[in-house]
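A.B. asks:
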Amino acid sequence: MNQGELNIAENSVEKRKVFTVSRLNQEVHRIIESGFGTVWLQGELSNFSKPGSGHFYFTLKDSQAQIRCAMFKGHNRHINFAPQSGDAVIVRGKLGLYAARGDFQLIVEHMEPTGEGQLQAAFEATKKKLFNEGWFDHSSKKALPSAPRSIGVVTSPTGAALRDVLQVLKRRYRQANVVIYPTPTQGAAAAPGIVAAIRRANERTEVDVLLLVRGGGSLEDLWAFNEVEVAKAIRDSQLPIVAGIGHEVDITISDLVADVRAPTPSAAAELSTPDTGDLQLRLDQALRHLTYSQHKLLQQRKERLHQQNTRLQLRHPNRAISDQMQRIDELYSRLERAWDSRADQQRHRMKELASQLNFHSPKLTVKRQKMAVSELERRLAIAAVQVQKNARSHFEMLTRSLHNISPLAVLDRGYAVVKQYDSVLTNAASVRLGDEISARLATGEVVAVVSAVRLSGTEPVEKSALPSAGKFDAIE
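Listed below in structure tokens is the structure:
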């Protein structure tokens with residue numbers, strides 16, 4: 035390659051705009067989000083999941099296409115129904131691209147059910163509300179009569195449900211009187227009509243149990259039975275109500291509030307009545323049980339009569355007298371044995387007391403006390419000698435100690451105690467020339483007159499006129 039070709043290749047490389055994968059995904063996400071803004075979509079939920087994070091992840095599809103969706107928990111907590119796969123919904127959100135995988139998706143901000151989905155959401159909301167208020171509690175359910183004499187049916191007079199109910203009652207329980215309370219079961223007039231029929235049946239009190247029935251249909255067709263006013267009429271009814279609405283898979287609010295729920299209208303007629311054949315079978319069983327019970331009772335009465343006769347023979351007066359005589363003999367023998375045993379015990383006790391009396395005799399006590407006194411006198415004498423000896427030793431020791439600390443012992447070594455006016459003289463500056471002082475010696479006392487005072491480090495101070503020097507009085 036020559037120099038010109040090389041320059042052309044370098045220039046073409048410089049004009050390229052190279053993206054990283056993440057940068058490209060970010061740019062595409064920005065273009066998609068800004069280009070479309072907020073969009074509304076309608077479709078069916080598929081692959082719906084709610085992980086522990088609380089976010090919703092699902093696919094929204096129609097008959098020809100689908101799109102991945104995510105709804106974060108900050109938005110999904112505001113919806114008033116529980117979405118699941120198969121629900122038809124309308125969503126609002128923004129298109130975007132999940133850059134980590136390059137997936138095209140819709141970030142959903144709002145979701146609402148459409149068509150039947152709205153009815154299902156309303157049904158779930160009503161169901162939850164009434165459940166929390168205790169309308170479905172079994173404790174408030176009324177029991178059905180075991181053999182109703184009259185049965186009321188609340189339904190459409192032209193519907194197939196009425197024919198099914200009448201056929202079942204004719205087959206199972208002919209003796210029951212059937213009263214029909216006609217009402218629409220579909221449309222706007224259905225709910226008020228059902229409420230009025232239930233109240234009319236309660237006011238007339240002509241039936242023992244009430245059947246609320248209707249044939250199958252869509253959720254919209256059965257919606258009158260989900261109305262709160264119908265549920266309230268069922269709950270307030272004094273008559274027990276059996277609800278048989280729709281097919282077995284259909285469940286309405288009225289089914290849940292009723293005292294008994296039947297899967298179909300025919301099943302409602304069966305649950306509210308006993309089978310005539312079963313009644314006959316039960317009657318035959320009761321008759322056999324009654325016959326067996328009477329026979330058993332008669333046999334028990336015979337056995338009891340025999341037992342009473344035997345007890346009467348056992349309680350005859352002669353037998354009682356014989357038993358009492360034997361009892362007296364037995365008690366007399368026991369009394370003799372008890373007397374002998376008691377006498378032996380008393381003799382043994384007397385011996386023990388005599389032995390204790392001898393042991394505690396006054397002579398022995400006096401003898402023991404004399405011996406104790408002698409011993410104490412001997413110990414007292416020894417203790418007195420020892421105490422006197424110890425006291426003498428202690429006195430001598432104290433005398434020596436006192437002598438050692440006595441001022442007189444110091445006087446024996448040539449010292450003297452000088453006093454003036456009965457006070458010990460310790461400072462030469464406290465006397466004056468001519469004062470009279472006394473000196474206590476080891477033997478005797480000397481009285482003198484001060485003729486000179488010599489302080490420490492000074493010359494002696496002399497008196498010009500002194501009494502006769504050398505004149506001292508000796509005092510023994």
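Numbering-wise, the sequence shown is residues 35 to 510 according to our numbering.
All C-beta atoms, glycine included, are put in the ideal place defined by N, C-alpha and C.
All values derive from a computational prediction rather than experimental measurement.
In terms of DSSP beta bridges, what is residue 130 paired with?
C.D. replies: Under DSSP, the beta-bridge partners assigned to residue 130 are 139.
A.B. asks: Out of 471, 419, 197, 430, which has the shortest C-alpha to C-alpha gap to residue 486?
C.D. replies: 471
A.B. asks: Using only the alpha-carbon positions, how far apart do residue 59 and residue 111 sit?
C.D. replies: Going by the C-alpha atoms only, they are around 30 Å apart.
A.B. asks: Let me check understanding here. Comparing Cα to Cα, which of 462, 336, 119, 145 lies closest to residue 75?
C.D. replies: 145
A.B. asks: In its own chain, which residues sit with a C-beta less than 6 Å from the C-beta of residue 103, not counting the 5 before and 5 after it?
C.D. replies: Excluding sequence neighbours, residue 103 sits near 92, 94, 140, 142.
A.B. asks: Compute the Euclidean distance between the alpha carbons of residue 63 and residue 106, then round it to the nearest angstrom.
C.D. replies: 18 Å
A.B. asks: In three-state DSSP terms, what is residue 115?
C.D. replies: coil
A.B. asks: Could you work out which residue in 241, 460, 433, 452 is closest to residue 483 when comparing CA atoms only?
C.D. replies: 452
A.B. asks: Compute the Euclidean distance between the alpha carbons of residue 159 and residue 262, then round it to the nearest angstrom.
C.D. replies: About 11 Å.
A.B. asks: Return the bridge partner residues of residue 277 from the DSSP annotation.
C.D. replies: 246, 295
A.B. asks: Ignoring anything shorter than 4 residues, give me the alpha helix (DSSP H) runs that lie fully in the segment 44 to 85, in order along the chain.
C.D. replies: 55 to 70
A.B. asks: Over the uninterrupted alpha helix (DSSP H) stretch that includes residue 334, give me the two end residues.
C.D. replies: 310 to 348
A.B. asks: Output the boundary residues of the beta strand (DSSP E) element that contains residue 104.
C.D. replies: Per DSSP, residue 104 belongs to the beta strand (DSSP E) from 100 to 105.
A.B. asks: What are the boundary residues of the beta strand (DSSP E) that includes residue 184?
C.D. replies: 184 to 189
A.B. asks: In this structure, how does DSSP classify residue 472 when only helix, strand and coil are distinguished?
C.D. replies: strand
A.B. asks: At what residues does the beta strand (DSSP E) containing residue 540 begin and finish?
C.D. replies: Look at the range of the chain in this structure, 35 to 510, and you will see that residue 540 is not part of it.
A.B. asks: What is the rounded straight-line gap between the Cα of residue 54 and the Cα of residue 109?
C.D. replies: 32 Å
A.B. asks: Do residue 243 and residue 182 have their CB atoms nearer than 8 Å?
C.D. replies: Against a cut-off of 8 Å, the Cβ pair of residue 182 and residue 243 comes out as a contact.
A.B. asks: Per the DSSP calculation, residue 145 is bridged to which residue(s)?
C.D. replies: DSSP output for residue 145 lists 125 as bridge partner(s).
A.B. asks: If we ignore side chains and look at the alpha-carbon of each, how far apart do residue 335 and residue 341 end up?
C.D. replies: Cα to Cα, residue 335 sits roughly 10 Å from residue 341.
A.B. asks: Contact between the segment 171 to 187 and the segment 122 to 137: three or more CB pairs below 8 Å?
C.D. replies: Counting C-beta pairs with one atom in each stretch, the segment 171 to 187 and the segment 122 to 137 have fewer than three that are closer than 8 Å, which means they do not touch.
A.B. asks: Since residue 206 and residue 310 should fall inside the 8 Å C-beta cutoff, what is the C-beta to C-beta distance between them, to a whole number of angstroms?
C.D. replies: 6 Å
A.B. asks: Let me know the secondary structure DSSP gives residue 282 once reduced to three states.
C.D. replies: Correct three-state label for residue 282: coil.
A.B. asks: Okay, do the segment 255 to 269 and the segment 305 to 324 touch, 3+ Cβ pairs below 8 Å being the bar?
C.D. replies: no
A.B. asks: Which parts of the segment 360 to 419 are runs of the alpha helix (DSSP H), unbroken and 4 residues or longer, counting only runs that do not cross its ends?
C.D. replies: none
A.B. asks: Ends of the alpha helix (DSSP H) at residue 254?
C.D. replies: Run containing residue 254: none; DSSP gives neither H nor E here.
A.B. asks: At what residue ranges does the segment 179 to 238 contain a whole run of the alpha helix (DSSP H), taking only runs of 4 or more?
C.D. replies: Entirely contained in the segment 179 to 238, the alpha helix (DSSP H) runs reaching 4 residues are, in chain order, 194 to 206, 224 to 238.
A.B. asks: Where do the ends of the beta strand (DSSP E) carrying residue 479 lie?
C.D. replies: 479 to 483
A.B. asks: Looking only at C-alpha atoms, which of 489, 113, 448, 86 sits nearest to residue 33?
C.D. replies: No answer is possible for residue 33: the residues shown for the chain start at 35 and end at 510.
A.B. asks: How big is the Cα-Cα spacing for residue 267 and residue 131?
C.D. replies: 54 Å
A.B. asks: Between the C-alpha atoms of residue 222 and residue 84, what's the straight-line distance to the nearest angstrom?
C.D. replies: 38 Å
A.B. asks: Please classify residue 177: does DSSP put it in a helix, a strand, or coil?
C.D. replies: coil
A.B. asks: Whole angstroms is fine: what's the gap from residue 22's alpha carbon to residue 339's?
C.D. replies: Nothing about residue 22 can be read from this structure; the chain reaches only from 35 to 510.
A.B. asks: Using the C-alpha atoms, what's the distance from residue 230 back to residue 250?
C.D. replies: Straight-line Cα distance between these residues: approximately 22 Å.
A.B. asks: If we count Cβ pairs, one from each stretch, closer than 8 Å, do we get three or more for the segment 428 to 435 versus the segment 407 to 418?
C.D. replies: no
A.B. asks: Tell me whether residue 186 is buried or exposed, calling it buried when 16 or more other Cβ atoms sit within 10 Å of its Cβ.
C.D. replies: buried
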